[in-house]
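*Asks:* Numbering-wise (this note's numbering), the sequence shown opens with residue 15 and increments by one.
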Amino acid sequence: MQTRVMEVDPLEDCRKVYKEAAAVLADGGLVAIPTETVYGLGADALNTAAVAEVFAVKDRPSFDPLICHFANAKGIKDYTDVPAELQDMVDKLAKEFWPGPMTLVLPRKPIIPDIVTSGLPTVACRVPSHEVMRGVARALGRPIAAPSANKFGHISPTSAGAVMKELGGAIPLILDAGACSEGLESTILMPCLDEKGKPAVRLLREGPITREKLRGICRVLKPGKGKTAAEEALPNAPGQLKSHYAPCKPLILWNPKEEFTPQEGVAYGLITYEGDSPLAAQDCWVETMPLSPGSGRLAEAAVRLFAVMRAMDENEAVQVIVAEELPETGLGCAMMDRLRRASAKRGE
Ligand code: TXA
Ligand code: MG
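(1) Is the region 67-86 close to the region 212-221, with three or more CB pairs under 8 Å?
(2) At which residue ranges does the region 108-175 contain complete beta strand (DSSP E) runs of 3 or more residues, listed in the order of the chain?
(3) On the DSSP bridge assignment, give the partners of T343 in chain order.
(4) Straight-line CA distance for L55 to A87?
(5) Return yes when the Cβ of P171 is within less than 9 Å of the Cβ of S370, no when it is not.
(6) Pull up the DSSP beta-bridge partners for L187, would you.
(7) Can you name the start and end residues of the alpha helix (DSSP H) that A64 belongs to?
(8) Report yes if the C-beta of S170 is less than 8 Å from at least one heavy atom of the ligand MG; otherwise report no.
(9) Do the CB positions of A315 and L305 come within less than 9 Å of each other?
(10) Going along the chain, which residues of its own chain have a beta-carbon closer than 8 Å to the beta-carbon of R225, five neighbours each way excluded?
(11) For the putative contact between L198 and M349, defined by C-beta atoms under 8 Å, what is the C-beta separation to the nearest angstrom?
(12) Indicate, with yes or no, if the ligand MG has a heavy atom lying under 8 Å from the CB of P161.
(13) Once you ignore the five residues that flank M147 on each side, which residues in its own chain have a CB closer than 6 Å to its CB?
(14) Sorted by chain position, which residues of the same chain lie with C-beta nearer than 8 Å to M303's C-beta, five sequence neighbours on each side aside?
(15) So who's on the other strand from E301, going by DSSP bridges?
(16) Let me check you understand the geometry: is the CB of E110 closer than 8 Å to at least one non-hydrogen atom of the ligand TXA?
(17) What does P205 pair with, by DSSP beta-bridge criteria?
(18) Under 8 Å, with one C-beta from each stretch per pair, do the region 151-164 and the region 96-111 reach the 3-pair mark?
(19) Based on the DSSP output, what are the partners of V234 in its beta bridges?
(20) Given a cut-off of 9 Å on the beta-carbon distance, is the pair Y32 and G149 in contact?
(21) With DSSP as the reference, identify every bridge partner of G182, one or two as the case may be.
(22) Applying the criterion that 16 or more other CB atoms from any shown protein chain within 10 Å of the CB defines a buried residue, is M15 buried or exposed?
(23) Who are the Cβ neighbours of K30 in its own chain at under 7 Å, not counting the five residues just before and after it?
(24) Spatial neighbours of L345 within its chain, please: CB distance less than 8 Å, with the 5 preceding and 5 following residues excluded, ordered by chain position.
(25) What does DSSP give as the partner residue(s) for V336 in the beta ladder?
(26) Between the Cα of F320 and those of G289, A193, V300, spot the shortest distance and give me the residue it belongs to.
(27) According to DSSP, simplified to helix, strand and coil, what is A6?
(28) Going along the chain, which residues of its own chain have a beta-carbon closer than 6 Å to the beta-carbon of E145, five neighbours each way excluded?
(29) My output table needs one value for G192: the three-state DSSP class, helix, strand or coil.
(30) Would you decide whether E362 is buried or exposed? Buried here means 16 or more other CB atoms lie within 10 Å of its CB.
(31) What do you get for T242, buried or exposed, if any count of 16 or more other CB atoms within 10 angstroms of its CB means buried?
(32) Compute the Euclidean distance between the alpha carbons of Y53 and I126, then round it to the nearest angstrom.
(33) State yes or no: is the C-beta of E199 nearer than 8 Å to some heavy atom of the ligand MG?
(34) Cβ-heavy atom distance between M349 and the ligand TXA below 8 Å?
This is the structure in C-alpha cells:
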C-alpha cells in the first residue's frame with residue numbers, strides 16, 4: 015500500500031484536509047493523526063472493522079483497549095454514563111485539563127463497540143489540545159479511536175517521519191503537522207470512589223498532567239486503594255505491561271553520579287539529561303545525546319525523549335543504550351516510567 019503524507023499547518027485553514035482525512039476514516043480506512051502528546055493511529059470508533067484493522071496493523075493484542083478522541087468535552091456525554099456521584103469531579107477535571115493531555119476512563123454506553131474497549135465496561139476518553147486531531151474528529155462527527163501510531167510495544171512516534179518508519183506501507187494516510195509539543199502520552203485517570211465513598215481518581219498512567227498538577231483538583235489514590243473486586247479482575251492498562259515503549263536495542267538505566275563499567279567489545283550510546291554529569295564525562299560512549307542540553311528542563315527532555323530513543327536505536331554504531339536516571343518530580347515521573355519499561359526485558 016502506498017502511504018500518502020499530507021502536510022497540515024493548524025495555523026492555516028485546514029478544513030479541506032480535515033474533510034479528506036474524515037472521508038478516509040468514514041470509508042473504514044486508517045489515518046495517522048498528530049496530537050500534542052504523540053501521533054495516533056486513528057479509526058472511526060464506531061466502525062468495528064476499522065478498529066480491528068488498527069489492532070492488526072499494530073500487532074496489538076486484543077486485550078489492550080483504545081482511547082477515543084473527541085472534538086469537545088460535550089460530545090463525550092453521548093458515549094458515557096458517568097455516575098452522579100462522580101459527575102462534579104469529572105466536570106472539574108474536564109474544565110481544568112481539556113482540551114489537553116488527560117485521558118479519563120469512564121463507564122461507557124453500549125454504542126461504543128466492544129472491540130474498542132476490549133470488552134471492558136469503561137471507555138478511555140480524551141479531548142486533545144492539538145487542533146488537527148480535534149478538527150478531523152469534528153469533520154467525522156464521531157469519536158476517533160486512536161492508539162499511538164507505532165507497532166505494539168515500540169517507542170511512540172512524536173513526528174510524522176517516525177510514523178512512516180513504524181507503519182509506512184501499511185496505512186493509506188499520515189497527516190504531518192511536525193513534532194508533538196508534549197512528547198509523552200497522556201495521563202490516564204480513572205474516576206472512582208475512595209474508601210470513604212468520596213470521589214477520587216486512580217492514576218493508571220503517568221503523563222504530562224502530573225500529580226503536582228492534580229493536587230487541589232482531586233484526590234489521587236495510592237495504587238490498590240479503593241479498588242472493588244470487579245475492578246481487581248480487570249486487565250491492566252498495558253501502558254502497565256512491564257516491557258513497553260521499547261527500543262529494539264537493550265536499554266540500561268544508570269545513576270548519572272555512578273561509574274558505569276562497560277563490557278569489552280560492546281558499543282554503548284548514552285542518553286544524558288543535561289550532558290554534564292560524571293557519567294557523561296566517561297570516555298566509553300560511541301555516541302552521547304542530551305535530552306535538555308545545559309539547562310536541565312524536564313519539559314524539554316519530555317518533548318525530546320522518544321525522538322532521542324529512536325535516534326539511538328537507529329544509530330548503527332550503538333549496540334546498547336544507557337540512559338541516565340532522571341529526577342522523579344513533575345514530568346520526570348512519567349519519563350522514568352517510560353524508561354523503566356523500555357529497560358525491562360522483552361516478554362517480562
Ligand atoms: O497521548 C495518548 O494517550 C496517545 C494519543 C494518540 O492520544 N494515545 C495512546 O494510546 O497513548 P495507547 O493505545 O498507546 O495507550 C492507551 C492506554 C493503554 O495503556 C490502554 O490500556 C489504556 O490506555 N486504556 C484504554 N482504555 C482503557 C480502559 N477502558 N480502562 C483502562 N485502561 C484503558
Ligand atoms: Mg502506545
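C-beta atoms are modelled at their ideal positions from N, C-alpha and C, and glycine is treated no differently.
*Replies:* Let me spell this out:
(1) no
(2) 116-121, 136-140
(3) DSSP lists no partner for T343.
(4) 21 Å
(5) One cannot answer for residue 370 here, as it falls past the ends of the chain, which runs 15 to 362.
(6) R18, V45
(7) 62-72
(8) yes
(9) yes
(10) L217, V234, C347
(11) 7 Å
(12) yes
(13) I47, T49, H83
(14) G283, L284, I285, T286, V322, A325, M326
(15) G283
(16) no
(17) V215
(18) no
(19) V215
(20) yes
(21) None; G182 has no bridge partner.
(22) exposed
(23) none
(24) L198, P222, T224, L312, A313, A315, A316
(25) I266, L284
(26) A193
(27) In the structure as shown, the chain begins at 15 and stops at 362. Residue 6 is therefore absent and cannot be evaluated.
(28) P24
(29) coil
(30) With a pLDDT of 42 at E362, under the threshold of 50, the modelled position of this residue cannot be trusted; read the value that follows with caution. So E362 counts as exposed.
(31) Legend: pLDDT at T242 = 48, less than 50; position of this residue unreliable, no value from coordinates given.
(32) 22 Å
(33) yes
(34) no
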